[in-house]
């Protein structure tokens, strides 16, 4: 495995290895709850919290977790944080909680979070795992906001609930519906890959997240 | 920042995964301990957040009652029990388990109307709403959706579209859902929202059904209780 600097651990997840836009993980919430900017942001923050908490615990207790039951233990830890996030959101910001509905509970099955535990936190010191979780979490929030902005502006003519185009704007309703999620992510990925390719003038070399390669080799 | 070789080295990462067989009791112990810790944490957070959640729910309901009864000076809870509306339950019954409706009073103590919460399936899931009902004139005073998981951007117009919600103020029962272009100005009519027909019809149906069920009880209560 290639050594990385702490800075790389942090920065990598934000853009270069963005969980949604590059690794294609966590697409379920990225498609399902990004119909408004506020929902996207809340979902991003909740996921950030769960990811950071889980990474912290997993890297702290990694020595005590036998290899055979590691996935179950990670899921248990993740599920605990999700439940905490769910109850806290309901107590602190009930309206947002209402809007996100069942998708909070579904953070448990977000591959991005389990993926970071398996590929990174279970093998690295606490500090590095936290940096990695921060980076990945911020990357996830950025991707969610990109989706949410496009969909709310086009589909509802507003940003964070503020009307942008006045009452005569006929909302492009399909963008707040599920198909709009697929259109949006498709066009965003198309744009990003196109820019990337132009920048490099050579075929894309995609780096797999640390650990995936070694897992395969093992 | 420089390359942090000391810390960033393959600490444990490159080391071969456990070659040795781990005894089963350790697997059980790990999962058991983790489960117990998770349980403790969740119970702790639950106890910490529950008062706020319950309080918020009660507050939402109280505001909704205020809204659909158009600002009563006060309101009482009535319990639907034994086919009648009762101000108090016989001792030993859990108030949470019994359907409740609310009767609002004006400043001078006269009855404004009843607030009734009811729930029935909409397009995606159960829609729960509350509405105010004036039994003297047979009109709806106001309607508010308490809980729905209708499609964002479409179905949720039943709570967000003020021109739809506003129609319920003063509409006569039984309500009739109509296409906006076919409306005749009848006061029973509620315009359905284009593209949201199922959800809007559900709202009308919920109000009609619960009045069909509770209307006679309210009549009986008015006849016996007010004098």
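Residue numbers (this note's numbering), protein chains in the order written: chain H, 1 to 218; chain E, 1001 to 1227.
Glycine residues also receive a C-beta, built at the ideal position from the N, C-alpha and C atoms.
Subject >> Residues, ordered as in the chain, of the region 1016 to 1048 of chain E that lie near chain H by beta-carbon distance below 7 Å >> reply: 1017, 1018, 1022, 1026, 1027, 1030, 1031, 1034, 1035, 1038, 1041, 1042, 1045, 1046
Subject >> Beta-carbon proximity of residue 1129/E to residue 1140/E, cut-off 9 Å >> reply: In the second chain, counting from the first residue as 1, residue 1129/E sits at position 129. In the second chain, counting from the first residue as 1, residue 1140/E sits at position 140. Result no, Cβ atoms of residue 1129/E and residue 1140/E do not sit closer than 9 Å.
Original post:
When you check each C-beta in the region 1126 to 1152 of chain E against every C-beta of chain H, which residues fall closer than 9 Å?
Top reply: 1147, 1149, 1151, 1152
Original post:
Comparing the C-beta of residue 1060/E with each C-beta of chain H, is any distance below 9 Å?
Top reply: For this step, residue 1060/E is matched to residue 60 along the second chain. Yes, residue 1060/E counts as interfacial toward chain H.
Subject >> Beta-bridge partners of residue 1144/E, as assigned by DSSP >> reply: Residue numbering aside, residue 1144/E sits at position 144 when the second chain is read from its first letter. Looking at the DSSP assignment, residue 1144/E forms a beta bridge with 1130/E.
**OP:** May I ask you to report which of helix, strand or coil DSSP gives residue 1084/E?
**Re:** Start at 1 with the first residue of the second chain, and residue 1084/E comes out as number 84. Looking at residue 1084/E - three-state DSSP - the assignment turns out to be strand.
Original post:
Just the Cα atoms here: how many angstroms apart are residue 25/H and residue 8/H?
Top reply: Taking the first residue of the first chain as 1, we reach residue 25/H at position 25. Taking the first residue of the first chain as 1, we reach residue 8/H at position 8. Distance between the alpha carbons of residue 25/H and residue 8/H: 20 Å.
**OP:** State whether the region 178 to 190 of chain H contacts the region 22 to 37 of chain H, with contact taken as three or more CB pairs (one from each stretch) at a distance under 8 Å.
**Re:** yes
Original post:
Using Cβ-Cβ distances below 7 Å, what residues of the region 100 to 119 of chain H are close to chain E?
Top reply: 101
Original post:
Looking at C-alpha atoms only, which residue of 1092/E, 1133/E, 1074/E, 1079/E is the closest neighbour of residue 1107/E?
Top reply: Here residue 1107/E refers to the residue found at position 107 when the second chain is read from its first residue. Of 1092/E, 1133/E, 1074/E, 1079/E, the residue nearest in Cα terms is 1074/E.
**OP:** Consider the Cβ of residue 1063/E: report whether some Cβ of chain H lies at a distance smaller than 9 Å.
**Re:** Indexing the second chain from 1 puts residue 1063/E at position 63. No, residue 1063/E does not count as interfacial toward chain H.
Subject >> Secondary structure of residue 1098/E, DSSP reduced to three states >> reply: Within the second chain, residue 1098/E is the residue found at index 98, counting from 1. Coil at residue 1098/E, not helix or strand.
Original post:
According to the neighbour-count rule (16 or more other Cβ atoms, all chains shown, within 10 Å of its Cβ), is residue 1097/E buried or exposed?
Top reply: In the second chain, residue 1097/E corresponds to position 97, counting from 1. That one is exposed.
**OP:** Compare the C-beta of residue 1154/E against all C-beta atoms of chain H and say whether one is closer than 9 Å.
**Re:** Working through the second chain from its first residue, we reach residue 1154/E at position 154. Closer than 9 Å: yes.
Original post:
To which residues of the same chain is residue 1067/E closer than 7 Å at the C-beta, ignoring the five residues directly before and after it?
Top reply: Taking the second chain and counting its residues from 1, one reaches residue 1067/E at position 67. Excluding residues within five positions, the ones whose Cβ falls inside 7 Å are 1142, 1144.
Subject >> Alpha-carbon to alpha-carbon, residue 1124/E and residue 1060/E >> reply: Taking the first residue of the second chain as 1, we reach residue 1060/E at position 60. Taking the first residue of the second chain as 1, we reach residue 1124/E at position 124. Computed Cα separation, rounded: 22 Å.
Original post:
Opposite residue 1114/E in the DSSP bridges: which residues?
Top reply: By one-based count along the second chain, residue 1114/E stands at place 114. Bridge partners of residue 1114/E: 1103/E, 1133/E.
**OP:** Determine the extent of the beta strand (DSSP E) in which residue 107/H is found, giving its start and end residues.
**Re:** On the first chain, position 107 is the one that residue 107/H refers to. Premise fails: residue 107/H is in no beta strand (DSSP E) and is neither H nor E.
**OP:** Specify, as a first and last residue, the run of the beta strand (DSSP E) that residue 1189/E falls within.
**Re:** Stepping through the second chain from its first residue, residue 1189/E is reached at position 189. 1189 to 1191 is the extent of the beta strand (DSSP E) around residue 1189/E.
Original post:
How do the region 147 to 163 of chain H and the region 105 to 119 of chain H stand: do at least 3 beta-carbon pairs fall below 8 Å, yes or no?
Top reply: no
Original post:
Between residue 1122/E and residue 1148/E, is the Cβ-Cβ spacing less than 9 Å?
Top reply: To locate residue 1122/E, count along the second chain from 1; it is residue 122. To locate residue 1148/E, count along the second chain from 1; it is residue 148. Closer than 9 Å, so yes.
Original post:
For the ligand MG, is there a heavy atom less than 8 Å away from the beta-carbon of residue 1137/E?
Top reply: This structure does not include the ligand MG; it has no bound ligands of any sort.
Original post:
Hey, quick one: how far does the beta strand (DSSP E) through residue 1170/E stretch, first residue to last?
Top reply: In the second chain, residue 1170/E corresponds to position 170, counting from 1. From DSSP, residue 1170/E is part of no beta strand (DSSP E); its letter is neither H nor E.
Original post:
Ends of the beta strand (DSSP E) at residue 1177/E?
Top reply: Your numbering for residue 1177/E matches position 177 in the second chain. 1176 to 1178 is the span of the beta strand (DSSP E), which, as asked, contains residue 1177/E.
Original post:
In chain E, which residues lie less than 8 Å from residue 64/H when you measure between Cβ atoms?
Top reply: As a first step, residue 64/H must be located in the first chain, where it is residue number 64. What residue 64/H touches in chain E: 1030.
Original post:
For residue 149/H and chain B, any beta-carbon pair shorter than 9 Å?
Top reply: The displayed structure is made up of protein chains H and E, and chain B is not among them.
Original post:
Using CA coordinates, which residue listed in 1027/E, 1114/E, 1132/E, 1182/E is at the minimum distance from residue 1166/E?
Top reply: Against the second chain, residue 1166/E aligns to sequence position 166. When each option's Cα is compared against that of residue 1166/E, the closest is 1132/E.
Original post:
By Cβ distance, which residues of its chain are closer than 6 Å to residue 121/H, with the 5 residues on each side in sequence left out?
Top reply: Within the first chain, residue 121/H is the residue found at index 121, counting from 1. The residues are 55, 58, 59, 129.
Original post:
Would you report the Cα separation of residue 1112/E and residue 1056/E, rounded to the nearest angstrom?
Top reply: Position 112 of the second chain holds residue 1112/E. Position 56 of the second chain holds residue 1056/E. Distance between the alpha carbons of residue 1112/E and residue 1056/E is about 25 Å.
Original post:
Do you know how far the Cα of residue 45/H is from the Cα of residue 171/H?
Top reply: In the first chain, counting from the first residue as 1, residue 171/H sits at position 171. In the first chain, counting from the first residue as 1, residue 45/H sits at position 45. Using only the alpha carbons, I get a separation of about 27 Å.
Original post:
Looking at the structure shown, is residue 19/H part of a helix, part of a strand, or coil, going by DSSP?
Top reply: What you label residue 19/H is simply residue 19 of the first chain in a count that begins at 1. Residue 19/H falls in the coil class under three-state DSSP.
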